[in-house]
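**Q** Chains as they are written, first to last, in our numbering: chain F, 556 to 667; chain B, 1176 to 1289.
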C-alpha cells in the first residue's frame, strides 16, 4: 500500500462548479498537510498548508484534514478555467523530517 | 516567487556522461531538497540538505550525489547518466511566512538522457 493515495482523474467540471479533491494516507504520524497546484511544465505552487486536523479557508479554497480517518480534502468553490491544473497533496512528519510524501496528483479541467 | 532558480532548465545528454544540476536560493533557508517527477510515480525525494556540507539520502538516491558548499547553492550530480534518470528535477526550499514546514519549489529542470 502506498503511503499516500490520490485518484489521478482526470476530473472535468463546468465553470462555477464546486470541486472536491481528496487523498488518503496510511501513516498516522503525518502532521503537516499541503496542497500544491501544478500547471503544465511548471513547478508545484503551494496552495494550502494545514497542521493536524481541521479546516482552513483561503478565498475560494478550503483544505480539510481528518486525522481519525487519515483523509484530506481540497475544495474549490466557483471553479474557473484558470483552475485547470494538476493538484498534488503532500504531507510530512515535521521537525527534522521535512521531506514531503506526495500523492500522484489529480488532473483537473474546468470547462468554460 | 520563493526566490529559487534552477539551471539549466533543459538538458539533453548521452548515457554515461556526468551531469550537474544547480539550485540557487536567495532566501537563506537552511533546508533544501531535490525531487524528481515521473509519470505514474509523482514527486519523489532524491537527497536533501539541512545545512552547509550536511546532506542525507532520500527515497531514490541511487546514482545521484549532492553537494552544498554555500547556503544558497545545492548541486545535484548524476555521476554517469542513465536513461532511467530521464525526468523532471525540482529543487525545493523549506520555510515560509506561515510555517517553517512549508516548502516552495523551483521551476524545474527537464533532463533527457539518450
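For each residue, glycine too, the CB sits at the ideal point set by N, CA and C.
In this text the structure is predicted, and so the values were computed from the model without any measurement.
Taking beta-carbon pairs under 8 Å, can you tell me which members of the region 1240 to 1256 of chain B lie near chain F?
**A** Cβ proximity to chain F below 8 Å picks out nothing from the region 1240 to 1256 of chain B.
**Q** From this set, F:599, F:595, F:631 and F:625, which residue's C-alpha is nearest residue 612 (chain F)'s C-alpha?
**A** Numbered from its first residue, the first chain carries residue 612 (chain F) at position 57. Taking only the C-alpha atoms, the option nearest residue 612 (chain F) is F:631.
**Q** Kindly indicate which residue of F:571, F:595, F:558 and F:666 has the alpha-carbon position closest to the one of residue 642 (chain F).
**A** Taking the first chain and counting its residues from 1, one reaches residue 642 (chain F) at position 87. Looking at the Cα atoms, F:595 is the closest of the given residues.
**Q** Contact criterion: CB-CB distance below 8 Å. Does residue 655 (chain F) meet it with respect to chain B?
**A** Position 100 of the first chain holds residue 655 (chain F). Closer than 8 Å: yes.
**Q** Just to check, is the beta-carbon of residue 1231 (chain B) closer than 7 Å to a non-hydrogen atom of the ligand PLP?
**A** Although the ligand PLP was asked about, the structure shown includes no ligands whatsoever.
**Q** Compare the Cα-Cα distances from residue 1235 (chain B) to each of B:1270, B:1208 and B:1281 and report the closest residue.
**A** Taking the first residue of the second chain as position 1, residue 1235 (chain B) is located at position 60. It is B:1208.
**Q** Examine chain F for any beta-carbon lying closer than 8 Å to the beta-carbon of residue 1196 (chain B), and answer yes or no.
**A** The residue labelled residue 1196 (chain B) in the question sits at position 21 within the second chain. No, residue 1196 (chain B) does not count as interfacial toward chain F.
**Q** By a C-beta neighbour count over all protein chains shown, 10 Å radius and 16 as the cutoff for buried, is residue 661 (chain F) buried or exposed?
**A** Residue 661 (chain F) sits at position 106 when you count from the first residue of the first chain. Its Cβ being crowded by 16 or more others within 10 Å, residue 661 (chain F) is buried.
**Q** Would you verify that the beta carbon of residue 625 (chain F) is, or is not, closer than 8 Å to some beta carbon of chain B?
**A** The residue given as residue 625 (chain F) occupies position 70 in the first chain. No, its Cβ sits nowhere closer than 8 Å to a Cβ of chain B.
**Q** Run down chain B in chain order and give the residues with a C-beta less than 9 Å from the C-beta of residue 622 (chain F).
**A** By 1-based counting over the first chain, the position of residue 622 (chain F) is 67. What residue 622 (chain F) touches in chain B: nothing, since even the nearest Cβ is about 16 Å away.
**Q** Show which residues of chain F have a CB atom less than 8 Å away from the CB atom of residue 1277 (chain B).
**A** Within the second chain, the letter at position 102 stands for residue 1277 (chain B). Near residue 1277 (chain B) (Cβ distances below 8 Å), the residues of chain F are 589, 601 and 604.
**Q** Write down the C-beta distance between residue 1281 (chain B) and residue 1179 (chain B) rounded to the nearest angstrom, noting that I regard them as a contact closer than 8 Å.
**A** Along the second chain, one-based indexing puts residue 1281 (chain B) at 106. Along the second chain, one-based indexing puts residue 1179 (chain B) at 4. The distance from the Cβ of residue 1281 (chain B) to that of residue 1179 (chain B) is about 4 Å, consistent with a contact at the 8 Å cut-off.
**Q** Using a Cβ-Cβ cut-off of 7 Å (strictly less than) and excluding sequence neighbours within five positions of residue 1204 (chain B), which residues of its own chain qualify?
**A** Residue numbering aside, residue 1204 (chain B) sits at position 29 when the second chain is read from its first letter. 1268, 1269 and 1270.
**Q** Step through the CB atoms of chain B and report whether any lies within less than 8 Å of the CB of residue 576 (chain F).
**A** Your numbering for residue 576 (chain F) matches position 21 in the first chain. Output row for residue 576 (chain F): interface = no.
**Q** Which residues of the region 638 to 650 of chain F have a Cβ closer than 9 Å to any Cβ of chain B? Give them in chain order.
**A** 643, 645, 647, 649 and 650
**Q** Touch check for the region 1183 to 1197 of chain B and the region 620 to 636 of chain F: three-plus C-beta pairs under 8 Å?
**A** no
**Q** For chain F, is any of its Cβ atoms less than 8 Å away from the one on residue 1206 (chain B)?
**A** If you number the second chain from 1, residue 1206 (chain B) lands on position 31. So yes, residue 1206 (chain B) belongs to the interface.
**Q** State yes or no: is the C-beta of residue 1181 (chain B) within less than 8 Å of the C-beta of residue 1246 (chain B)?
**A** Translated into the one-based positions of the second chain, residue 1181 (chain B) becomes position 6. Translated into the one-based positions of the second chain, residue 1246 (chain B) becomes position 71. Not a contact, by the Cβ cut-off of 8 Å.
**Q** Please report whether the beta-carbon of residue 609 (chain F) lies at a distance below 8 Å from any beta-carbon of chain B.
**A** Here residue 609 (chain F) refers to the residue found at position 54 when the first chain is read from its first residue. Not an interface residue.
**Q** Could you check which residue in F:568, F:592 and F:645 has the C-alpha nearest to that of residue 558 (chain F)?
**A** The residue given as residue 558 (chain F) occupies position 3 in the first chain. Looking at the Cα atoms, F:645 is the closest of the given residues.
**Q** Say whether chain A places a C-beta atom closer than 8 Å to the C-beta of residue 598 (chain F).
**A** In the structure shown, chain A does not exist; the protein chains are F and B.
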